[in-house]
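Numbering (my numbering), first residue to last: 405 to 832.
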Ligand code: GLU
């Protein structure tokens, strides 16, 4: 259920404040990093198919670009708010820093539900977003990418509009482009695979054989689908997935106690990642309430939907069997829930570490686009594995050495890297 009092930006600031305290950061650095460096909010008028004009609200927020151009996705969501975009832009700064890629943090959004828009209306909306912001973003300043409900086709329309405005080809303007049109092989898999690479490393460390484990996932979009694919390839057993149902305006959990095969679930899923209720039940899935994914008797939980999902109220419902949580989504766990998870000694792979695979491959895409030379898939995925493994090991070693929670360790490493970049530029 939606919690109206929850403010993701307040959570992001609170988590930052904790890290700043642990790092004994000076006041100027705290003041600088607590808020985004730049924010844009604008109207996007769109001519609808019936001839009327509808005005959408758009955002682009650059949290920090001390380590390199801003980087981050554009979310299409009916409940998008400026504070959500602010929080997510800050999390992008920490995400790029934790995997040590030379990029800063940004986020964009449009208040809309693409389910309600025809393809032509979506195209006009994408082009409209770029027209409003084309002079404030670019391949050397701030680079967008796909995110919640936006995809490679949207990215290509945005690129085309940007290139039309600036009168030349700028393939490095945006990432998550279709393969063959400047996209990188491995980009669609990258976020989900990245999550599972960190799970693999964590299980190694915890002495758990992945082949004897089961897992439950929240969300069935790009992140979950590829996380499940790699998890199955590594021998794990997925048993439950929760998924949003547009018609009923609520989520359901689809479960097979002995495990399911990703392919069978994909065969009853549309391109928005929505599972057909009736067809799934025909395939033998049990349909449970939306939050049942959290209560499964599994070893691994992978929240890969939206922020604010594991809270102080529901964290107590997590099964005693759960040993590991890998946060595929951004900000799925609230600080109150963190207290419960720490008490329970559940090993948490924090969001901006676990889901950094997407932006890491976006960085590879930019390198390829800027040099106009494209790598084989194995090369992109091999480099992704190396980056994710190194980042996981760095955070985990630091957490152990300092005897601190994984989230605090990830924050300390990232905030320190970004603060140092600001300091060496003479900003603080
Ligand atoms: N939207 C993804 C994220 O939140 C990817 C961002 C990117 O590729 O720039 O990490």
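All C-beta atoms in this analysis are idealised placements derived from N, C-alpha and C, irrespective of residue type, glycine included.
Item: Exposure label - residue 415; buried when at least 16 CB within 10 Å; Value: buried
Item: Alpha carbon of residue 613 to alpha carbon of residue 585, nearest angstrom; Value: 40 Å
Item: Selection from 504, 512 and 456 that minimises the alpha carbon distance to residue 477; Value: 512
Item: Three-way DSSP call (helix, strand, coil) for residue 598 in this model; Value: helix
Item: Distance cut-off 6 Å: residue 762 Cβ against heavy atoms of ligand 1; Value: yes
Item: In DSSP terms, what residue 737 is bridged to; Value: 714
Item: Nearest neighbour of residue 784, chosen from 546, 517 and 587 [CA to CA]; Value: 587
Item: With 16 other Cβ atoms within 10 Å as the buried cut-off, status of residue 758; Value: buried
Item: Spatial neighbours of residue 699 in its chain, beta-carbon cut-off 6 Å, leaving aside the 5 residues before and after; Value: 721
Item: Buried or exposed by the 16-neighbour rule on C-beta atoms within 10 Å, applied to residue 685; Value: exposed
Item: Per-residue burial, residue 732 [other beta carbons within 10 Å of its own, 16 or more giving buried]; Value: buried
Item: Rounded C-alpha distance that separates residue 654 from residue 694; Value: 7 Å
Item: The region 771-788 in contact with the region 742-757 per 3-pair CB rule at 8 Å; Value: no
Item: Any non-hydrogen atom of ligand 1 closer than 6 Å to residue 472 Cβ; Value: no
Item: Spatial neighbours of residue 495 in its chain, beta-carbon cut-off 6 Å, leaving aside the 5 residues before and after; Value: 734 and 756
Item: As assigned by DSSP and simplified to three states, the class of residue 444; Value: strand
Item: Under 7 Å between C-beta atoms of residue 703 and residue 659; Value: no
Item: Extent of the continuous beta strand (DSSP E) to which residue 709 belongs; Value: No beta strand (DSSP E) holds residue 709; DSSP gives it neither H nor E.
Item: C-beta contact flag for residue 761 and residue 619 at 7 Å; Value: no
Item: Helix, strand or coil at residue 689 [DSSP, three-state]; Value: coil
Item: Close-in-space but distant-in-sequence residues of the same chain around residue 479 (CB under 6 Å, 5 per side omitted); Value: 513, 551 and 552
Item: Any non-hydrogen atom of ligand 1 closer than 6 Å to residue 784 Cβ; Value: no
Item: Check whether residue 713 and residue 736 have beta carbons under 7 Å apart; Value: yes
Item: Distance CB(residue 490)-CB(residue 465) smaller than 7 Å; Value: yes
Item: Beta-ladder partner(s) of residue 647, from DSSP; Value: 656
Item: Rounded Cβ spacing between residue 624 and residue 647 (contact assumed at less than 8 Å); Value: 4 Å
Item: Meets three-Cβ-pair contact criterion under 8 Å: the region 561-575 and the region 526-533; Value: yes
Item: Distance cut-off 6 Å: residue 791 Cβ against heavy atoms of ligand 1; Value: no
Item: Residues bridged to residue 682 (per DSSP); Value: Its beta-bridge partners do not exist; DSSP assigns none.
Item: Top-ranked residue by Cα proximity to residue 717, from 739, 422, 729 and 706; Value: 739
Item: Pairwise C-alpha distance: residue 461 and residue 455; Value: 19 Å
Item: Bounding residues of the beta strand (DSSP E) (the contiguous stretch that carries residue 550); Value: 546-550
Item: Supposed contact pair residue 507 and residue 473 - C-beta distance, whole angstroms, cut 8 Å; Value: 6 Å
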